[in-house]
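The next block holds one structure in the form of structure tokens; read it before the comments.
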Amino acid sequence: QVQLVESGGGLVQPGGSLRLSCAASGLIFSMYAMSWYRQAPGKERELVAHITSAAGSTNYADSVKGRFTISRDDAKNTVYRQMNSLKPEDTAVYYCNAVRYLTYWGQGTQVTVSS
190 QVQLVESGGG LVQPGGSLRL SCAASGLIFS MYAMSWYRQA PGKERELVAH
240 ITSAAGSTNY ADSVKGRFTI SRDDAKNTVY RQMNSLKPED TAVYYCNAVR
290 YLTYWGQGTQ VTVSS
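Here the sequence shown is numbered in this note's numbering, starting from 190 and rising by one per residue.
Put into structure tokens, the structure is as follows:
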């Protein structure tokens, strides 16, 4: 059974930082491309950051370029996202996603950016 478990969300002030983690089990993690999506209230889910399997090349949404960094540790079956210079508009539920031939989703973790 595949499981993706996100952690690290919470409340942070504008300009602050958070590091999200997504621990995967039940799959050969190194073979999967991993992504972070987010969904704000009343909005569609959007891709935030993506990292390929193996060599781990990355892509980011324009809204987070230069502020967010996605990385992976295949030995720990974990993907990370470091978020810096957070803005109120970054407030959303953040989801981890794993894709190879099938797609798997985590349950999501809430990030709230507010003073």
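Glycine is no exception: its CB is placed at the ideal position from the N, C-alpha and C atoms.
The beta-bridge partner set that DSSP reports for Q299 consists of V282. Out of S303, P203 and Y293, the CA that lies nearest to the CA of Y226 is found in Y293.
Nearest to P203 by alpha-carbon distance, out of L275, C285, A281 and L291, is L275. In this structure, S210 is the residue among N248, Y290, S210 and K254 with its C-alpha nearest to the C-alpha of T298.
Residue environment: E195 is assigned as buried (16 or more neighbouring CB atoms within 10 Å of its CB, all protein chains considered).
S246 is bridged by DSSP to nothing; it lacks a bridge partner. The C-alpha of I259 is placed about 23 Å away from the C-alpha of S303.
The beta-carbon distance between A222 and S242, rounded to whole angstroms, is 5 Å. This is short enough to meet the 8 Å contact definition. With respect to the C-alpha of V201, the residue from M272, Y290 and Y284 having the closest C-alpha is M272.
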